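Visitor:
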Amino acid sequence: MGKGGNALSAPSQMEAKLNLERSVKMSKAPKFLWANEDSMEEPHVKRRKEIITAHPEIKKLFGPDHNIKYVVLASFIFQIASIHLLQGAPWYTWLFCCYTISGTINHSLTLAMHEAAHNLTGKGITLNRIIGIFANLSMGIPAAASFKRYHLEHHRFQGEEIMDVDIPSNAEGWFFKNTPRKILWCFLQPLFYSLRPLFINPKKPSKWEFINQIAVVVYNSVIYYHFGLSGVGYLIGGTLLGMGIHPAAGHFISEHYVMNEGQETYSYYGPLNWFTYQVGYHNEHHDFPFVTGTKLAQVKAIAPEFYNDIPHYHSWIKVIWDYIVDELITPYSRVKRVTLSEEEIKDFQARGGLVM
Numbered sequence: 003m004g005k006g007g008n009a010l011s012a013p014s015q016m017e018a019k020l021n022l023e024r025s026v027k028m029s030k031a032p033k034f035l036w037a038n039e040d041s042m043e044e045p046h047v048k049r050r051k052e053i054i055t056a057h058p059e060i061k062k063l064f065g066p067d068h069n070i071k072y073v074v075l076a077s078f079i080f081q082i083a084s085i086h087l088l089q090g091a092p093w094y095t096w097l098f099c100c101y102t103i104s105g106t107i108n109h110s111l112t113l114a115m116h117e118a119a120h121n122l123t124g125k126g127i128t129l130n131r132i133i134g135i136f137a138n139l140s141m142g143i144p145a146a147a148s149f150k151r152y153h154l155e156h157h158r159f160q161g162e163e164i165m166d167v168d169i170p171s172n173a174e175g176w177f178f179k180n181t182p183r184k185i186l187w188c189f190l191q192p193l194f195y196s197l198r199p200l201f202i203n204p205k206k207p208s209k210w211e212f213i214n215q216i217a218v219v220v221y222n223s224v225i226y227y228h229f230g231l232s233g234v235g236y237l238i239g240g241t242l243l244g245m246g247i248h249p250a251a252g253h254f255i256s257e258h259y260v261m262n263e264g265q266e267t268y269s270y271y272g273p274l275n276w277f278t279y280q281v282g283y284h285n286e287h288h289d290f291p292f293v294t295g296t297k298l299a300q301v302k303a304i305a306p307e308f309y310n311d312i313p314h315y316h317s318w319i320k321v322i323w324d325y326i327v328d329e330l331i332t333p334y335s336r337v338k339r340v341t342l343s344e345e346e347i348k349d350f351q352a353r354g355g356l357v358m
């Protein structure tokens, strides 16, 4: 045998290295649902190709919905009006409205931010960044710019170890494993959702994140000047309550927690889609992230054979209930995969991720 005949080829060496890294990561967090060789590819890549081949007319749905900015503006005005009307109200009235009204509107605005993150609220990246930050103002906590950076990686690398920070940490899975603790986890979901990325996949802040932070601080200051601490508390409280144990927050669990073996993404076809920019159409959204939420129902109508026969939900409240009481469903109930080497991940991190 000639010189080097026993050596592995470069691709084989890379594959062997990746398999070793995968084994190490699986051994450190064995209770997650790790993708096998048959399901290693991000699932929506294949589905997208198949659906486009069968229904090329779906491409006509691509692009932004220019009406979203008017809905965002209406939500912004409604929040100010609510704060004004609640001045001097009893604490229990304030708290009830903070949960029901501010919680619902601010949760809706997080999903307007989601549309902006996909550049679906207007023409051009810069305009979408501005609309996303404007939608973020009423939430009282800066999030739009950072959300965009992490969320696009969630789509590109669904389930990928480190890159997809939508997946709970190993520590979350270890601790929040019974009903009382899962109730606490649901209450604290806004905290984990915002802080988890800083520990798992930290990024150097971009200029847009600084702009976002300044804009929210200035707006909070204006609200404080005119309405006092209760006004700022109404906005921030609505965000925290609306993303905790709240009917609209059911989508955080319903989207990717594995309730049916072998299925990673689930859609919800219920009335709360009207308040959440149709984010419940989540299989449709991951199949076509360049279709605005207001048109995702049309995707399902055009290609029903790809959606009607897979498990889906009709109640986010039931999703939350099932998650809390079912011993088999925990933060570990997520699919993880390893398709990127440590070297590739470090390269992404050095470049600041997919977007800045």
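In my numbering, the protein residues as written are 3 to 358.
Even glycine gets a Cβ: it sits at the ideal position worked out from N, Cα and C.
Computed from a prediction, not measured in an experiment: that's the story for all the values here.
#1: Are there 16 or more other CB atoms within 10 angstroms of the CB of W318, so buried, or fewer, so exposed?
#2: Helix, strand or coil for V220 per DSSP?
#3: Identify which residue in H314, P199, G105 and W210 has its Cα closest to the Cα of L129.
#4: Would you grab the beta carbon distance between K266 and H258 for me? Rounded to a whole angstrom, and I think it's under 8 Å.
#5: What does a CB cutoff of less than 6 Å around P170 pick up in its chain, not counting 5 residues either side in sequence?
#6: Taking the CB atoms as reference points, tell me whether E162 and R50 lie closer together than 7 Å.
#7: Just to confirm the assignment, what range does the alpha helix (DSSP H) spanning Y309 have?
#8: From which residue to which residue does the alpha helix (DSSP H) around L200 run?
#9: Just verifying my parser: in three-state terms, what is the DSSP assignment at A18?
#10: Which full runs of the alpha helix (DSSP H) of 4+ residues lie inside the stretch 273-307, going along the chain?
#11: Using 10 angstroms around the beta-carbon of W276, count the other beta-carbons present and answer buried if the total reaches 16, otherwise exposed.
#12: Measuring alpha carbon to alpha carbon, tell me which of S269, A303, S343 and V301 ends up nearest V321.
#13: Note down, one range per segment and in chain order, each alpha helix (DSSP H) of at least 4 residues found wholly within the stretch 23-104.
#14: Taking buried to mean at least 16 other C-beta atoms within 10 Å of its own C-beta, is T95 buried or exposed?
#15: What residues in its chain sit with their C-beta under 7 Å from that of K33, if we drop five residues either side in the sequence?
#16: Figure out for me which residue from A118, N21, I79 and S84 has the closest Cα to the Cα of T102.
#17: Reducing DSSP to helix, strand and coil, say where Y268 ends up.
#18: Using three-state DSSP, classify E117 as helix, strand or coil.
#19: What does E162 pair with, by DSSP beta-bridge criteria?
#20: Measure the C-alpha to C-alpha separation of Y279 and K19 and round it to an integer number of angstroms.
#21: Please confirm if the stretch 301-313 is in contact with the stretch 280-287, defined as three or more CB-CB distances below 8 Å between the two stretches.
#22: Considering just the uninterrupted stretch of the alpha helix (DSSP H) at T168, what are its terminal residues?
#23: Using the three-state DSSP reduction, which class does D328 fall into: helix, strand or coil?
#24: Do the stretch 345-356 and the stretch 210-227 meet, that is, are 3 or more Cβ pairs less than 8 Å apart?
#25: So, is G233 buried or exposed, given that buried needs 16 or more other C-beta atoms within 10 angstroms?
#26: State yes or no: is the C-beta of Q191 within less than 7 Å of the C-beta of G246?
#27: With DSSP run on the structure shown, which of helix, strand or coil describes G4?
#28: To the nearest angstrom, how far is it from the Cα of Y309 to the Cα of R336?
#29: Could you tell me how far apart the beta carbons of G272 and H316 are, in whole angstroms, since I believe they sit closer than 8 Å?
#30: On the three-state DSSP scale, how would you describe G244?
#31: How is the alpha helix (DSSP H) around A352 delimited, first residue to last?
Guide: With the given structure in hand:
#1: buried
#2: helix
#3: W210
#4: For clarity, residue 266 is Glu in the given sequence; the question names Lys instead. About 6 Å separates the beta carbon of E266 from that of H258, a gap short enough to meet the 8 Å contact definition.
#5: P333
#6: no
#7: Per DSSP, Y309 belongs to no alpha helix (DSSP H) and is neither H nor E.
#8: Following the DSSP letters along the chain, one finds L200 inside the alpha helix (DSSP H) bounded by residues Q191 to I202.
#9: helix
#10: Counting only runs that start and end inside the stretch 273-307, the alpha helix (DSSP H) elements of at least 4 residues fall at 284-289 and 298-304.
#11: exposed
#12: The option with the nearest alpha carbon to V321 is S269.
#13: The qualifying runs are 45-56, 70-87 and 93-99.
#14: exposed
#15: G175 and Y334
#16: Here the closest residue by C-alpha is S84.
#17: coil
#18: Residue state, collapsed to three classes: helix.
#19: According to DSSP, E162 bridges with R339.
#20: 42 Å
#21: yes
#22: The residue you asked about is not Thr; residue 168 is Asp in the sequence shown. Per DSSP, D168 belongs to no alpha helix (DSSP H) and is neither H nor E.
#23: coil
#24: no
#25: buried
#26: yes
#27: Summary for G4: the model assigns pLDDT 45, below 50, so the residue's position carries little reliability, and this model does not support an answer.
#28: Going by the C-alpha atoms only, they are around 21 Å apart.
#29: 5 Å
#30: helix
#31: E344 to A352
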